[in-house]
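Chain order of the listed sequences is A and B. Each step along the first sequence adds one to the number in numbering that gives the first Met the number 0, with nothing skipped, and position 192 is 191. Each step along the second sequence adds one to the number in numbering that gives the first Met the number 0, with nothing skipped, and position 292 is 291. For reference, the structure is listed below as C-alpha cells.
2 protein chains.
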Amino acid sequence: MVDIATRVYNHKWKIDPIIRSLIDTDFYKLLMCQSIFRNSPDTVVRFSLINRSKDIKLAELIDENVLRMQLDYARSLKLSRGESTWLRGNMFYGKRQMFRPDFMEWFDNYQLPEYDLQVKDGQYELTFEGRWHEVMLWEIPALAILMELRSRAIVNQMRRFELQVLYARAMTRIWEKINALKDLEGLKIADFGTRRRHSHLWQDWCVQAMLEGLGDSAAGGAFTGTSNCLIAMRRDIEAVGTNAHELPMVYAALADTDEALKQAPYKVLADWHEEHDGNLRIILPDTYGTEGFLRDAPSWLAGWTGIRIDSGDPAPLAEAAIRWWESKGEDPRKKLVIFSDGLDVEEIRKLHGQFHGRVKCSFGWGTLLTNDFRGFVPDDGLAPFSLVCKAISANGKPTVKLSDNPNKAMGPLSEIDRYRRVFGIGQQIARDVIV
Amino acid sequence: MVDIATRVYNHKWKIDPIIRSLIDTDFYKLLMCQSIFRNSPDTVVRFSLINRSKDIKLAELIDENVLRMQLDYARSLKLSRGESTWLRGNMFYGKRQMFRPDFMEWFDNYQLPEYDLQVKDGQYELTFEGRWHEVMLWEIPALAILMELRSRAIVNQMRRFELQVLYARAMTRIWEKINALKDLEGLKIADFGTRRRHSHLWQDWCVQAMLEGLGDSAAGGAFTGTSNCLIAMRRDIEAVGTNAHELPMVYAALADTDEALKQAPYKVLADWHEEHDGNLRIILPDTYGTEGFLRDAPSWLAGWTGIRIDSGDPAPLAEAAIRWWESKGEDPRKKLVIFSDGLDVEEIRKLHGQFHGRVKCSFGWGTLLTNDFRGFVPDDGLAPFSLVCKAISANGKPTVKLSDNPNKAMGPLSEIDRYRRVFGIGQQIARDVIV
Chain A
0 MVDIATRVYN HKWKIDPIIR SLIDTDFYKL LMCQSIFRNS PDTVVRFSLI
50 NRSKDIKLAE LIDENVLRMQ LDYARSLKLS RGESTWLRGN MFYGKRQMFR
100 PDFMEWFDNY QLPEYDLQVK DGQYELTFEG RWHEVMLWEI PALAILMELR
150 SRAIVNQMRR FELQVLYARA MTRIWEKINA LKDLEGLKIA DFGTRRRHSH
200 LWQDWCVQAM LEGLGDSAAG GAFTGTSNCL IAMRRDIEAV GTNAHELPMV
250 YAALADTDEA LKQAPYKVLA DWHEEHDGNL RIILPDTYGT EGFLRDAPSW
300 LAGWTGIRID SGDPAPLAEA AIRWWESKGE DPRKKLVIFS DGLDVEEIRK
350 LHGQFHGRVK CSFGWGTLLT NDFRGFVPDD GLAPFSLVCK AISANGKPTV
400 KLSDNPNKAM GPLSEIDRYR RVFGIGQQIA RDVIV
Chain B
0 MVDIATRVYN HKWKIDPIIR SLIDTDFYKL LMCQSIFRNS PDTVVRFSLI
50 NRSKDIKLAE LIDENVLRMQ LDYARSLKLS RGESTWLRGN MFYGKRQMFR
100 PDFMEWFDNY QLPEYDLQVK DGQYELTFEG RWHEVMLWEI PALAILMELR
150 SRAIVNQMRR FELQVLYARA MTRIWEKINA LKDLEGLKIA DFGTRRRHSH
200 LWQDWCVQAM LEGLGDSAAG GAFTGTSNCL IAMRRDIEAV GTNAHELPMV
250 YAALADTDEA LKQAPYKVLA DWHEEHDGNL RIILPDTYGT EGFLRDAPSW
300 LAGWTGIRID SGDPAPLAEA AIRWWESKGE DPRKKLVIFS DGLDVEEIRK
350 LHGQFHGRVK CSFGWGTLLT NDFRGFVPDD GLAPFSLVCK AISANGKPTV
400 KLSDNPNKAM GPLSEIDRYR RVFGIGQQIA RDVIV
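Rendered as C-alpha cells:
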C-alpha cells in the first residue's frame with residue numbers, strides 16, 4: 000500500500016530542508032547563548048566559516064542557490080511550542096529550569112539573523128555579524144548545512160542499490176565500532192557529532208545505534224547522551240555539553256591590556272561559575288595552551304568537576320591535569336576528564352585503558368561517529384573534512400586561538416605572536432587535523 | 000506520517016505468510032509440470048523433504064504449529080488472474096504461449112495438495128504423495144518455507160539495530176560479490192536461488208541488486224534473469240530455467256528392465272525434444288553419471304543447445320562436454336554450458352576464465368547469492384544448509400539419484416548398486432555438499 004499523503008508531502012518541498020528545527024543544534028550553544036545573553040548582550044561578534052580542507056572546493060560542489068535556499072529556510076524557523084516546553088521543563092544534568100524565563104522569552108521569538116555569502120577561490124565565504132548571542136547560534140546549522148550539502152552533492156549521483164549499500168556499509172562500520180567498545184568496563188561516551196555529521200538522519204541513526212548497542216547510562220549502560228537537543232528530545236535521552244572556545248576567544252579579544260588578556264580565560268570561567276555547578280563546571284583549558292592555563296589558574300578552579308581535552312596529544316594533557324589536581328590537594332579519582340578531539344575507537348580504547356579508574360573518564364565522540372564514510376566512494380568524496388565556524392572578531396577586534404596544536408591556531412599572525420608571549424607558550428607539537 | 004492502514008494491515012495477519020503466490024516458484028517446475036501433465040498424468044509420486052545437514056535440528060528450531068500454518072496458507076493459494084495472464088501471455092526464451100491452454104486451464108484451478116508432517120529425531124518428515132504433476136509443485140514452496148522459518152527462528156531473537164546491521168552486512172556482502180563480477184567480459188549470470196533463499200524479500204532484493212549492478216542482459220548487461228516467476232513478473236525481467244533431476248529419476252524408477260532403465264534418461268530428453276526447442280534444450284547429464292551419459296547418448300542429443308553442470312568437479316565435466324561435442328562434429332563455441340552447482344564468486348571467476356570464448360558460458364547462481372548470511376550471527380545460525388525435496392518413489396518404486404558426487408547420491412543401497420552397474424559408474428570423487 001502506498002501512503003499517498005506521505006508521498007505527496009515528500010515531493011511538495013522545493014528543497015529538502017537540512018535544518019528543520021532551531022534546537023537541531025548542540026546543547027552547549029544554548030547554554031553559552033544564555034550566558035552571553037546575560038553577561039555580554041551588546042558585544043558585536045563576527046563568525047566566519049573556515050574550510051581547513053582547502054582541496055575540497057565547496058563552491059564547486061555545492062550550487063550557491065541551493066545553499067542560499069537552505070540558509071534561508073533555517074532563517075524561517077522559530078522555536079516550536081513543544082521545543083520551548085522541552086527546554087523550559089526538561090532536566091539537564093539533574094537540574095530543572097536550566098534555561099531562565101527571561102532567556103526563554105527572548106529565544107521564543109528568535110530567528111537566525113542575516114548572513115553574508117561570497118564565493119572566493121572555489122570556497123564559500125559565509126559570515127554572520129551581529130550581537131554575539133544572536134549570531135552565535137548560526138555556527139552549528141551553518142556547518143551542518145554545508146556538510147550535508149556536500150554529502151548530497153556526492154550521493155545525488157548514485158543509483159538506488161549503490162545508495163542502499165553505501166548506507167549498509169556505513170551502518171556496518173558504526174555497529175562494528177560500537178561492538179568494539181562494548182567490553183570497556185565503566186565506559187562513558189556521548190555523541191558530539193552534530194556539526195560535521197553526514198546528515199541529520201544519519202546522526203539520528205548513529206545515536207539510536209549507540210543507545211541499543213551500549214545501553215543508556217541511566218540504566219547502567221555506557222551511552223551518556225547526545226549534544227544534539229532535537230535528537231535528545233525526540234529519542235528521550237540526555238542532552239550533554241558545557242562550553243566552548245568562543246567564550247575565551249571573545250573575552251580575550253575584548254581585553255584592553257596584556258594583563259586583562261592573560262586573565263580573560265579565567266574571567267570566562269568565573270562568569271560560568273556563577274551560573275552553573277556540578278557537571279557543567281568543566282574546564283576547557285587549551286584555547287591559549289593547557290600548560291600555562293593550569294600553571295597560572297586560580298585555586299578555586301581546582302574545585303571544578305573536570306576538564307575537557309580538545310586538542311594536542313590527549314594522554315600527556317590528561318596526565319598534566321592529574322598532576323595539577325594532585326598539586327592542589329584534589330583527588331583525581333573524583334574528577335571528570337572528557338576527551339573530545341577527533342576520537343575514534345582505537346584512541347578511545349587506549350585512553351580508557353590508561354585513565355579508567357584513575358579519573359572519571361568520559362568521551363565525546365564526534366565526526367568519526369556521525370560522518371565516517373571514508374573509503375566508500377571514488378576519490379573518497381564522502382570522507383569527512385575539517386570545516387569550522389569561528390568567532391573571528393569581537394567589537395571589531397580580531398580573535399585568536401592557539402590551542403595545543405599549532406595546526407589549529409587561528410587569528411592574525413601579529414596577534415598570534417602577542418598571545419603566545421602573553422600566555423607563555425613554548426614549543427608545541429603539530430598534529431594533523433583530520434576533522 | 001504513519002500510514003495507519005498499512006500498519007493495521009501488517010498486524011492483522013495471524014502469520015506472516017512466506018509463500019503468497021503459486022508462481023513464487025522456479026520457472027522450470029512449471030515447465031516440467033506441463034510436460035508431466037501431458038506425458039505422465041497418472042504417475043503417482045512421493046516427494047520428501049531431506050535435510051542433509053543433520054546437525055541442524057529443524058523440529059527444535061521451528062514450531063510445528065507455525066510450520067503447519069505456513070503450509071496450510073500455501074495450500075489456500077490459487078493462481079491470480081494477473082499471474083495466469085502473465086504465464087499465458089509472457090514471452091519466455093523468445094517464445095509466446097509457452098504454456099498450453101489445456102495446461103493453463105488445469106493450473107488456473109490448481110491448489111497445492113495435502114501434505115504429511117511427522118517429527119523424527121528432531122527433524123521434520125514432510126512428504127507429499129499424489130499425482131506427479133500435482134505434488135511436484137510442493138518442492139519449492141516447501142523448501143522456501145522451511146528455509147525462511149529457520150531464518151526467522153534466529154532473527155526473531157535480534158533487536159532492532161542488530162537486525163538492521165545484519166541486513167546491512169548481507170547487502171554489503173552481495174554488493175561486493177556483484178562488483179567482483181563486473182569486470183568479467185561477456186559474463187551471463189542468472190538467479191537460481193529460490194529454494195534455499197534466506198527469505199522471499201531478501202531474494203527479491205538480491206535480484207534487483209544484480210539487475211542494477213550487472214545490468215539487464217536485454218540491454219547488454221550480464222544479468223540474464225531469475226528462476227523465480229513471481230519476481231520475474233514483478234520486476235519485469237526474464238524467467239529462466241529448463242529441467243531437473245526429477246524427470247530422469249521418475250522415468251528411471253518406472254523402467255521395468257535394466258535396458259529400459261539405461262534408456263530412461265534419454266527417453267526424458269526425447270519427450271522434452273518434442274515439446275521444446277532453442278534455449279530450453281539443455282542436457283542435464285549427471286543424474287546417473289555424466290561420463291556414461293555422454294558416452295552412450297544418441298547422436299541427436301549433440302544437436303541440443305547446451306548442457307547444465309550441477310554436480311561433481313565442474314571444469315573437467317565441461318571439458319568432457321566440449322570433447323563430446325567435438326567428437327560429434329559440433330562446434331563447442333555455439334554450445335551453452337550452464338554451471339549451477341553451489342557457485343560463488345571465486346568459482347564463477349575461475350570457470351569464466353577457463354571457458355569464456357570456448358563455449359557460450361552461463362551461470363545459475365543459487366544459495367550463495369540468496370542466502371549468504373555466513374558468519375553474521377553466533378554459532379553461524381543463519382548459514383545456509385543443505386535442504387532438498389526429492390521424488391523418492393514413483394508408482395511405489397523407489398527412485399535413485401547418483402549424480403557426479405557420491406555425497407549427493409540417494410535411494411535404497413541395493414538400488415544404488417544396480418543403477419551403478421547399469422550406468423557403468425566407475426570411481427567417483429566425493430565433494431562436500433555445502434548447499
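Every residue gets a Cβ at the ideal spot worked out from N, C-alpha and C, and that includes glycine.
List, in chain order, every chain B residue whose beta-carbon is nearer than 7 angstroms to that of residue i.
i: residue 171 of chain A; result: 164, 167, 168 and 171
Which residues does DSSP list as the beta-bridge partners of residue i?
i: residue 189 of chain B; result: B:224 and B:363
i: residue 48 of chain B; result: B:388
i: residue 93 of chain B; result: BP columns for residue 93 of chain B are empty, so no partner.
i: residue 43 of chain B; result: B:130
i: residue 119 of chain B; result: B:122
i: residue 305 of chain A; result: A:281 and A:335
i: residue 238 of chain A; result: A:225
i: residue 400 of chain B; result: B:409
i: residue 393 of chain B; result: B:44 and B:396
i: residue 25 of chain A; result: A:227
Decide if residue i is buried, meaning its Cβ has at least 16 other Cβ atoms within 10 Å, or exposed.
i: residue 156 of chain B; result: exposed
i: residue 282 of chain B; result: buried
i: residue 309 of chain A; result: buried
i: residue 238 of chain A; result: buried
i: residue 411 of chain A; result: exposed
i: residue 64 of chain A; result: exposed
i: residue 269 of chain A; result: exposed
i: residue 12 of chain A; result: exposed
i: residue 75 of chain A; result: exposed
Interface residues of chain B around residue i at Cβ under 9 angstroms?
i: residue 245 of chain A; result: Here the premise fails: no neighbours, minimum Cβ distance about 35 angstroms.
When you compare the CB of residue i with every CB in chain E, is at least one pair closer than 9 angstroms?
i: residue 207 of chain A; result: Going by chain labels, chain E is absent from the structure shown, which instead holds the protein chains A and B.
Helix, strand or coil for residue i? Go by DSSP, reduced to three states.
i: residue 346 of chain A; result: helix
i: residue 335 of chain A; result: strand
i: residue 167 of chain A; result: helix
i: residue 179 of chain B; result: coil
i: residue 215 of chain B; result: strand
i: residue 358 of chain A; result: strand
i: residue 329 of chain A; result: coil
i: residue 372 of chain B; result: coil
i: residue 137 of chain B; result: helix
i: residue 10 of chain B; result: helix
i: residue 248 of chain B; result: helix
i: residue 5 of chain A; result: helix
i: residue 266 of chain B; result: helix
i: residue 202 of chain B; result: helix
i: residue 319 of chain B; result: helix
At a CB-CB cut-off below 7 angstroms, which residues of chain A make contact with residue i?
i: residue 212 of chain B; result: 160
i: residue 364 of chain B; result: Per Cβ cutoff of 7 angstroms: no residues; residue 364 of chain B is ~17 angstroms from chain A at best.
i: residue 299 of chain B; result: By Cβ distance, chain A contributes nothing, its closest Cβ being about 44 angstroms from residue 299 of chain B, past 7 angstroms.
Who are the neighbours of residue i on chain A, taking C-beta pairs under 9 angstroms?
i: residue 201 of chain B; result: By Cβ distance, chain A contributes nothing, its closest Cβ being about 13 angstroms from residue 201 of chain B, past 9 angstroms.
i: residue 85 of chain B; result: Correct list: empty, because the minimum Cβ distance to chain A is about 22 angstroms.
Along chain B, which residues have their Cβ under 8 angstroms away from the Cβ of residue i?
i: residue 131 of chain A; result: Neighbours of residue 131 of chain A on chain B: none; closest Cβ ~39 angstroms, over 8 angstroms.
**Asked** On the three-pair Cβ rule with 8 angstroms, is the region 258 to 268 of chain B touching the region 53 to 62 of chain B?
**Response** The region 258 to 268 of chain B vs the region 53 to 62 of chain B: no contact.
**Asked** Between the region 180 to 190 of chain A and the region 349 to 360 of chain A, do at least 3 Cβ pairs fall closer than 8 angstroms?
**Response** Put simply, the region 180 to 190 of chain A touches the region 349 to 360 of chain A. At least three CB pairs are less than 8 angstroms apart.
**Request:** Could you tell me whether the region 226 to 238 of chain A touches the region 6 to 26 of chain A, using the rule of 3 or more Cβ pairs below 8 angstroms?
**Result:** Yes, the region 226 to 238 of chain A touches the region 6 to 26 of chain A.
**Prompt:** So does the region 121 to 133 of chain B actually touch the region 30 to 50 of chain B, counting three or more Cβ pairs closer than 8 angstroms?
**Reply:** When C-beta atoms of the region 121 to 133 of chain B are compared with those of the region 30 to 50 of chain B, three or more pairs fall below 8 angstroms, so the two segments count as touching.
**Message:** Does the region 323 to 330 of chain A come into contact with the region 298 to 308 of chain A, if we say contact requires no fewer than three beta-carbon pairs (one atom in each stretch) closer than 8 angstroms?
**Reply:** Counting Cβ pairs under 8 angstroms, three or more are found: they touch.
**Asked** Is it true that the region 76 to 91 of chain A meets the region 117 to 129 of chain A, where meeting means three or more beta-carbon pairs spaced less than 8 angstroms apart?
**Response** They do not touch, by the three-pair rule.
**Item:** Cβ contact (3+ pairs, closer than 8 angstroms) linking the region 202 to 212 of chain A and the region 246 to 259 of chain A
**Value:** As far as the Cβ criterion goes, the region 202 to 212 of chain A does not touch the region 246 to 259 of chain A, which means the pair count is below three.
**Prompt:** Is there contact here, the region 357 to 371 of chain A with the region 338 to 345 of chain A, by at least three beta-carbon pairs under 8 angstroms?
**Reply:** Yes, the region 357 to 371 of chain A touches the region 338 to 345 of chain A.
**Message:** When you compare the region 93 to 106 of chain A with the region 29 to 37 of chain A, are there three or more beta-carbon pairs, one atom per stretch, that lie closer than 8 angstroms?
**Reply:** The region 93 to 106 of chain A, when compared against the region 29 to 37 of chain A, does touch it at the 8 angstroms Cβ threshold.
**Prompt:** For the region 151 to 171 of chain A against the region 134 to 143 of chain B, are there 3 or more C-beta pairs whose distance is under 8 angstroms?
**Reply:** Flag = no, the region 151 to 171 of chain A and the region 134 to 143 of chain B do not touch.
**Item:** Touch test, the region 402 to 410 of chain A against the region 212 to 225 of chain A, Cβ-Cβ under 8 angstroms, three pairs minimum
**Value:** Output reads no: the region 212 to 225 of chain A does not touch the region 402 to 410 of chain A.
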